[in-house]
Amino acid sequence: MTKTLLVRLSAAVLASFGAWMAYTQNPQTPPELKLEKITDDLYNISGDGGNVAAYLTNDGVIIIDDKFERDHADIVAKVKSISDKPIKYVLNTHQHGDHTGGNEKLLGSAEIIAHKNARANMVQGKMPGLPRVSFTDETEVFLGGKEVRAHYFGRGHTNGDAVIHFPALRVIHTGDLFVTGTPFIDYSAGGSAVEWTRTLDEVLKWDFDTVIPGHGAISKREDLVKWRNGFEAMRNRITSMVREGKIKDDVVKTLTGEFGWNANPNGLAMRSVDALIAELKR
Ligand SMILES: [Zn+2]
Numbered sequence: 022m023t024k025t026l027l028v029r030l031s032a033a034v035l036a037s038f039g040a041w042m043a044y045t046q047n048p049q050t051p052p053e054l055k056l057e058k059i060t061d062d063l064y065n066i067s068g069d070g071g072n073v074a075a076y077l078t079n080d081g082v083i084i085i086d087d088k089f090e091r092d093h094a095d096i097v098a099k100v101k102s103i104s105d106k107p108i109k110y111v112l113n114t115h116q117h118g119d120h121t122g123g124n125e126k127l128l129g130s131a132e133i134i135a136h137k138n139a140r141a142n143m144v145q146g147k148m149p150g151l152p153r154v155s156f157t158d159e160t161e162v163f164l165g166g167k168e169v170r171a172h173y174f175g176r177g178h179t180n181g182d183a184v185i186h187f188p189a190l191r192v193i194h195t196g197d198l199f200v201t202g203t204p205f206i207d208y209s210a211g212g213s214a215v216e217w218t219r220t221l222d223e224v225l226k227w228d229f230d231t232v233i234p235g236h237g238a239i240s241k242r243e244d245l246v247k248w249r250n251g252f253e254a255m256r257n258r259i260t261s262m263v264r265e266g267k268i269k270d271d272v273v274k275t276l277t278g279e280f281g282w283n284a285n286p287n288g289l290a291m292r293s294v295d296a297l298i299a300e301l302k303r
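Just add 21 to wherever you are in the sequence shown, counting from 1, and you've got our numbering.
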């Protein structure tokens, strides 16, 4: 594929993804969010967009991701209910609008940090709320005597997924590198099914027990291992299918029937099947 064609193709996928985000960003009636305690100083805010972790310190609150713009007021209210300190830092796990939608409203009072590629993806998608700080391999935030690490382990959901570690708590937030449902390989943003499990293998070298997925219920290390193995089984199965020359319909049938992928033809999972086949054919 020529470079121009690839660029044009990426732009088209990005444009349709933008339309999806505009649809899901409908400002009417934001659903009510749910606050869950993980430890005395770490909470998860679930519902609507991606999971938002809130780490409380005596000098301020560090949050991971900030859902859609429409969830901003509820996120701030939930944080207020557990801390009298302001949100000082936001770490974005990646650029998608259900994880960075609140950025713009938080930029006036908080520092927002994302991986260099995630920020570049936001620039390319003309997304609001660009982080003022980016990193390549790893960055750490130290606040009120506590520490949070953000590390880039390689491609997977996108080419800029940061995995967040709360070392003192043995907890990680994976962003969408781990979701408790169908994975979405965002090829328009450099995602890769081939590299995804290698990236997770690096994550699993970290010391942790509890996992906050990008979407879904709080999980254990074993759940992440199981999901990673399921992903690998899916990839191996689809790789042999495409190498045997099976057509897209067969691949879709296998993904939905055997691997429980969301069959909605307009859903993100189904819209990534062509690019998945192309990647696995190589
Ligand atoms: Zn995502």
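Don't be surprised by glycine CBs; every beta carbon is placed ideally from N, CA and C.
Measuring from each Cβ to the nearest heavy atom of ligand 1, keep the ones under 5 angstroms and list them in chain order. 117 and 197
In this structure, does DSSP put residue 121 in helix, strand or coil? helix
Anticipated Cβ contact below 8 angstroms, residue 131 with residue 103, distance rounded: That pair is no contact at about 17 angstroms.
For residue 183 versus residue 136, is the C-beta distance shorter than 8 angstroms? yes
Suppose you measure from the CA of residue 291 to the CA of residue 159; what does that come to, to the nearest Å? 33 angstroms
Output the distance between the C-alpha atoms of residue 133 and residue 249, rounded to the nearest integer angstrom. 29 angstroms
Is the beta carbon of residue 299 within less than 7 angstroms of some heavy atom of ligand 3? Looking at this structure, you won't find ligand 3 anywhere; what it does contain is ligand 1.
With distances taken Cα to Cα, identify the nearest neighbour of residue 185 among 178, 95, 191 and 172. 172
The alpha helix (DSSP H) with residue 93 in it runs from where to where? 93-101
Could you round the C-beta distance between residue 300 and residue 209 to whole angstroms and report it? I think they count as a contact, below 8 angstroms. About 13 angstroms; that fails the 8 angstroms criterion.
Environment of residue 122 [buried if 16+ CB atoms lie within 10 Å]: buried
Local Cβ density within 10 Å of residue 44, reported as buried at 16 or more and exposed below that: With a pLDDT of 44 at residue 44, under the threshold of 50, the predicted position of this residue should be treated as unreliable, though the coordinate-derived value follows. With fewer than 16 other Cβ atoms within 10 Å, it is exposed.
Do you know offhand how far residue 220's Cα is from residue 178's? 10 angstroms
Counting pairs of beta carbons, one from the region 261-269 and one from the region 233-249, are three or more of them closer than 8 angstroms? no
Could you tell me the boundaries of the alpha helix (DSSP H) in which residue 142 lies? 137-145
So, residue 191 versus residue 229, is the Cβ gap smaller than 8 angstroms? yes
Helix, strand or coil for residue 233 per DSSP? strand
Within 10 Å of its beta-carbon, does residue 90 have 16 or more other beta-carbons around it, so buried, or fewer, so exposed? buried
Go ahead and pull the three-state DSSP assignment for residue 277. helix
Whole angstroms are fine: how far does the CA of residue 268 sit from the CA of residue 285? Residue 285 and residue 268: Cα-Cα distance of roughly 19 angstroms.
Nearest to residue 201 by alpha carbon, out of 65, 234 and 283? 234
Using the three-state DSSP reduction, which class does residue 286 fall into: helix, strand or coil? DSSP places residue 286 outside both helix and strand once states are collapsed to three, so it counts as coil.
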